[in-house]
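Asker: What follows is a structure written as structure tokens; I'll ask about it next.
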Amino acid sequence: MASALASKMGFNSLMRKQARNFNVRICTMESDMEFSCEVKWKGKDLFNLVCRTLGLRETWFFGLQYNIKDSVAWLKMEKKVLDQEVPKEEPITFHFLAKFYPENAEEELVQDITQHLFFLQVKKKILEEEIHCPPEASVLLASYAVHAKYGDYDPDVHKPGFLAEEELLPKRVINLYQMTAEMWEERITACYAEHRGRTRDEAEMEYLKIAQDLDMYGVNYFLIRNKKGTDLLLGVDALGLHIYEPDNRLTPKCSFPWNEIRNISYSDKEFTIKPLDKKTSVFKFNSSRLRVNKLILQLCIGNHDLFMRRRRVDSLEVQQMKAQAREERARKQVERQRLQREKQLREEAERARDEMERRLMQLQDEAHMANEALLRSEQTADLLAEKAQIAEEEAKLLAQKAAEAETEMQRIKVTAMRGQEERRLMEQKMLEAEMLALKMAEESERRAKEAAQLKQDLQEARDSERRAKNKLLEITSKAAYKSPGLPTDSMPKDLNFSRENLSFDFKDTDMKRLSMEIEKEKVEYMEKSKHLQEQLNELKTEIESLKLKERETPLDIIHNQNTEQGTSKHSNFKKLTLQSTKSRVAFFEEL
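To convert, take the position in the sequence shown, counting from 1, and add 1277; that gives the numbering used here.
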């Protein structure tokens, strides 16, 4: 049955070679692409087609990876695609990935598309925990990833909960702390708000600059054994070869830079490395399978070539690419400055408009209040006039009654002569009439005084009405003029701006100033690194009290120990390479 199956597979392979075309699917970090390829195509033909489709010129970092049994392999450039151990079913699936990593992303990555592909791949590896990342660095990296996706932070747009569906932190980090999703979002957003003014490309580059200092960044690990049969890990990266203990992928026990290695070869499962120092003996190790040795050799050759290439003068193609990239960055910088100026002018115009509207509302409120005061004054004046008229009528009526009482008194005096009894009664009545007349006179005098007081109040009310009218006229006349404190030339006409008012000349001085800014950025590099470390320490301090120590992984514990000892990826590499090659080889063999 096995022979029949092998015959069938061989027949399928033969039929594919006899066909004119075959189909492939290319999976990138963003999307998938499908191509129809000719049978005679080599690996480089397919690879170049993918690079042209993506607009990628920095091709030396990338490769086409495919799965084979329980491991992975990279498509060889000089060999036909169908002659390699690629999957048999169509479409054949390849993954377009970064095969080699730069030593310094900011200096080596020229194209924006190259930088973007690295950003996506490194972010995926960190989230899938293929690269160990401490919690404080995870939060800062997440904030740059958010900025790369959403642009500048805007509290009116990016409201609480806008990151609820985003995958931003490794699950290991989330489980390590007693923090809700809202608490994580709050800390990420606080960092995100500080990145205002950066473009997407700048945010992605800041992400890579932080990620490249992580201990497992860019390292490919392989299980090996030395002469004594000790299980070890071989790490291959842009700087050289590193030997790790199986349970510690962060701190290598010894390292060999590429400039100290003269030759690398393998025979079956045995791998041989010859140091540049001829007095130092070669050191050997064994891998699990022959296929693994082939993969190790590919990575060693590629990383060694790039290591030496970085230390030589750039080729003409790379120089042209870097010159174009500098021109493009300069153009984007000038464009960004222009947009910033336009935005500033627009904001100033909006502020002026808001001030005018606020002032207009204030004047309208004052006019409304003056109208109400005038209305109240008019009503008060009418009421006082009415009271004064009533008082005058009452005074006239009382005067008439007093005259009648006087007449009645005279009549009584005349008739009082008729008799003694009548006179006594008349005297009594006269006395009563006199008292009544006196009371009426007093009441008449009081009413007269009250009428005089009401006339005075009426005059004061009319004066108040006249003053209110003058105030209303003064406020109305002020509204006809421009708002005080705003110069005439800063007032927008109908709040519309022509392009002539916002345009400016792009002169050589802009380029000179840009060059000076770039030089200034280089000088401030160390200061920025210090600020970054302070920012990471601050984040660590904020969340340290919520950590669950029992959930720390072995790599977390090792990372904390390295941090306490002041050991970093680069300092440890320098420390190891200070030892002689001979002593490092002897140390490796004795592990």
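Where a beta carbon is used, it is the ideal one built from N, C-alpha and C, also for glycine.
1) Any idea if N1773 is buried or exposed, counting beta-carbon neighbours within 10 angstroms, 16 or more meaning buried?
2) Compare the beta carbon distance of Y1494 and L1510 with 8 Å and say whether it is the shorter of the two.
3) Report the start-end ranges of each alpha helix (DSSP H) in the segment 1540–1617 that is 4 residues or longer and not cut off at the edges.
4) DSSP on I1408, reduced to helix/strand/coil?
5) Should N1300 and E1367 be called a contact, given that it needs their Cβ atoms to be closer than 8 Å?
6) List the endpoints of the continuous alpha helix (DSSP H) containing A1467.
7) Is it right to say S1860 is buried, meaning 16 or more other beta carbons lie within 10 angstroms of its own, or is it exposed?
8) In chain order, what residues of the same chain lie with their CB nearer than 8 Å to the CB of K1784, ignoring the 5 residues before and after it?
9) Using 10 angstroms around the beta-carbon of R1297, count the other beta-carbons present and answer buried if the total reaches 16, otherwise exposed.
10) If you follow the beta strand (DSSP E) that M1310 is in, where does it begin and where does it stop?
11) For P1529, write down the residues that DSSP places opposite it in a beta bridge.
12) Could you check if S1564 belongs to the surroundings of the ligand GTP, using beta carbon to heavy atom distance under 7 Å?
13) So L1823 packs on S1532, CB below 8 Å; how close in whole Å?
14) Are the Cβ atoms of K1546 and S1558 separated by less than 8 Å?
15) Using CA atoms only, rank isn't needed, just tell me which of L1453, Q1398, Q1856, D1431 is closest to A1488.
16) Between the segment 1591–1607 and the segment 1524–1542, do three or more beta carbon pairs fall short of 8 Å?
17) Under 8 Å between the Cβ atoms of L1352 and G1320?
18) Confirm, please, whether the CB-CB distance from E1413 to L1816 is below 8 Å.
19) Can you look up V1862 in the DSSP assignment and give me helix, strand or coil?
20) Any idea if Q1687 is buried or exposed, counting beta-carbon neighbours within 10 angstroms, 16 or more meaning buried?
21) So who's on the other strand from G1512, going by DSSP bridges?
22) Out of L1446, K1599, F1439, M1585, which has the shortest C-alpha to C-alpha gap to L1418?
23) Should H1645 go down as buried or exposed, given a rule of 16 or more other Cβ atoms within 10 Å for buried?
24) Closer than 8 Å is the cut-off here; do at least three beta carbon pairs connect the segment 1672–1692 with the segment 1730–1746?
25) Is S1396 helix, strand or coil by DSSP?
26) Identify which residue in F1864, K1846, W1337, F1371 has its Cα closest to the Cα of E1311.
27) Among L1651, I1752, F1850, C1577, which residue has its Cα nearest to the Cα of M1638?
28) So V1387 packs on K1599, CB below 8 Å; how close in whole Å?
29) Please report the distance separating the alpha-carbon of A1458 from that of A1441.
30) Give me, in chain order, the residues of the same chain whose beta-carbon lies closer than 6 Å to that of L1553; leave out the 5 immediate sequence neighbours on both sides.
31) Does the pairing of the segment 1699–1716 with the segment 1622–1637 give three or more beta-carbon distances under 8 Å?
32) List the whole-angstrom C-beta distance separating F1562 from R1502, where the pair is believed to meet the contact cut-off of C-beta under 8 Å.
33) Assuming L1409 contacts D1490 (C-beta within less than 8 Å), just tell me the rounded distance between them.
34) Just checking my contact of A1728 with E1681 at CB under 8 Å: how many whole Å lie between their CB atoms?
35) How would you label T1830, buried or exposed, when you count the other beta carbons within 10 angstroms and need 16 or more for buried?
36) Give the C-beta separation of A1375 and Y1421 to the nearest angstrom, bearing in mind that I take them to be a contact with Cβ-Cβ under 8 Å.
Answerer: Straight from the coordinates:
1) In the sequence shown, residue 1773 corresponds to position 496, counting from 1. With a pLDDT of only 38 at N1773, under the threshold of 50, the placement of this residue in the model should not be trusted, and no figure is reported.
2) Locating residue 1494 in the sequence shown gives position 217, counting from the first residue. Locating residue 1510 in the sequence shown gives position 233, counting from the first residue. Their beta carbons are not under 8 Å apart, which means Y1494 does not touch L1510 by this criterion.
3) DSSP runs (the alpha helix (DSSP H)) wholly in the segment 1540–1617: 1567–1587.
4) Here residue 1408 refers to the residue found at position 131 when the sequence shown is read from its first residue. In the structure shown, I1408 adopts coil according to DSSP, grouped into three states.
5) By one-based count along the sequence shown, residue 1300 stands at place 23. By one-based count along the sequence shown, residue 1367 stands at place 90. Yes, the Cβ-Cβ distance between N1300 and E1367 is below 8 Å.
6) Looking up residue 1467 in the sequence shown gives position 190. In the DSSP annotation of this structure, the continuous segment of the alpha helix (DSSP H) that includes A1467 starts and ends at 1458–1470.
7) The residue you call residue 1860 lines up with position 583 of the sequence shown. Taking every protein chain shown into account, the CB of S1860 has fewer than 16 other CB atoms within 10 angstroms, so this residue is exposed.
8) Within the sequence shown, residue 1784 is the residue found at index 507, counting from 1. Its pLDDT being 42, under 50, K1784 is placed unreliably in this model, and the value from its coordinates should be taken loosely. Closer than 8 Å at Cβ, skipping near neighbours: no residue.
9) The residue given as residue 1297 occupies position 20 in the sequence shown. Exposed: under 16 other Cβ atoms inside 10 Å.
10) For the purposes of this step, residue 1310 is taken as the residue at position 33 of the sequence shown. In the DSSP annotation of this structure, the continuous segment of the beta strand (DSSP E) that includes M1310 starts and ends at 1309–1315.
11) Counting from one through the sequence shown, the residue named residue 1529 turns up at place 252. DSSP output for P1529 lists no bridge partner at all.
12) The ligand GTP is not part of this structure, which contains no ligands at all.
13) Mapped onto the sequence shown, residue 1823 falls at position 546. Mapped onto the sequence shown, residue 1532 falls at position 255. L1823 to S1532, Cβ: 36 Å. No contact.
14) Residue mapping note: residue 1546 aligns to position 269 of the sequence shown, counting from 1. Residue mapping note: residue 1558 aligns to position 281 of the sequence shown, counting from 1. Remark: C-beta atoms of K1546 and S1558 do not approach each other more closely than 8 Å.
15) Counting from one through the sequence shown, the residue named residue 1488 turns up at place 211. Comparing Cα-Cα distances from A1488 to each of L1453, Q1398, Q1856, D1431, the minimum goes to Q1398.
16) Because the criterion of three Cβ pairs below 8 Å is not met, the segment 1591–1607 and the segment 1524–1542 do not touch.
17) Position 75 of the sequence shown, counted from the first residue, corresponds to residue 1352. Position 43 of the sequence shown, counted from the first residue, corresponds to residue 1320. Inclusion of L1352 and G1320 in the CB contact set at 8 Å is warranted, their separation being smaller than that value.
18) Counting from one through the sequence shown, the residue named residue 1816 turns up at place 539. Counting from one through the sequence shown, the residue named residue 1413 turns up at place 136. Cβ atoms of L1816 and E1413: closer than 8 Å.
19) Against the sequence shown, residue 1862 aligns to sequence position 585. In this structure, V1862 counts as helix in the three-state DSSP scheme.
20) As a working mapping, residue 1687 is identified with position 410 in the sequence shown. Q1687 is classed as exposed because its beta carbon has fewer than 16 other beta carbons within 10 Å across all chains shown.
21) For this step, residue 1512 is matched to residue 235 along the sequence shown. Partner(s): Y1498, H1519.
22) Taking the sequence shown and counting its residues from 1, the one referred to as residue 1418 is at position 141. Closest by alpha carbon: L1446.
23) Residue 1645 sits at position 368 when you count from the first residue of the sequence shown. H1645 is classed as exposed because its beta carbon has fewer than 16 other beta carbons within 10 Å across all chains shown.
24) Because the criterion of three Cβ pairs below 8 Å is not met, the segment 1672–1692 and the segment 1730–1746 do not touch.
25) Residue mapping note: residue 1396 aligns to position 119 of the sequence shown, counting from 1. Here residue 1396 turns out to be Phe, not Ser, going by the sequence shown. Per DSSP, reduced to three states, the secondary structure at F1396 is helical.
26) Start at 1 with the first residue of the sequence shown, and residue 1311 comes out as number 34. Selected option, being the one with the closest Cα: F1371.
27) Taking the first residue of the sequence shown as 1, we reach residue 1638 at position 361. Closest by C-alpha distance to M1638, out of L1651, I1752, F1850, C1577, is I1752.
28) Position 110 of the sequence shown, counted from the start, is the residue given in the question as residue 1387. Position 322 of the sequence shown, counted from the start, is the residue given in the question as residue 1599. Contact flag correct, Cβ pair sits at about 6 Å.
29) Along the sequence shown, one-based indexing puts residue 1458 at 181. Along the sequence shown, one-based indexing puts residue 1441 at 164. In a straight line, the C-alpha of A1458 is about 8 Å away from that of A1441.
30) Within the sequence shown, the letter at position 276 stands for residue 1553. Spatial neighbours of L1553 in its own chain (CB-CB distance under 6 Å, excluding positions within 5 residues in sequence) are listed in chain order as E1537, R1539.
31) Not touching, per the Cβ criterion.
32) As a working note, residue 1562 is residue 285 in the sequence shown. As a working note, residue 1502 is residue 225 in the sequence shown. With a beta-carbon spacing of about 6 Å, F1562 and R1502 fall inside the 8 Å limit used to define contacts.
33) Within the sequence shown, residue 1409 is the residue found at index 132, counting from 1. Within the sequence shown, residue 1490 is the residue found at index 213, counting from 1. The sequence given here places His at residue 1409; Leu does not occur at that position. Their Cβ separation, rounded to whole angstroms, is 12 Å, which puts H1409 and D1490 out of contact at 8 Å.
34) Counted from its first residue, the sequence shown places residue 1728 at position 451. Counted from its first residue, the sequence shown places residue 1681 at position 404. Approximately 21 Å separates the beta-carbon atoms of A1728 and E1681; this is outside 8 Å, ruling out the contact.
35) Translated into the one-based positions of the sequence shown, residue 1830 becomes position 553. Exposed, because fewer than 16 other Cβ atoms sit within 10 Å of the Cβ of T1830.
36) For the purposes of this step, residue 1375 is identified with residue 98 of the sequence shown, where counting begins at 1. For the purposes of this step, residue 1421 is identified with residue 144 of the sequence shown, where counting begins at 1. Not confirmed; about 19 Å, so no contact.
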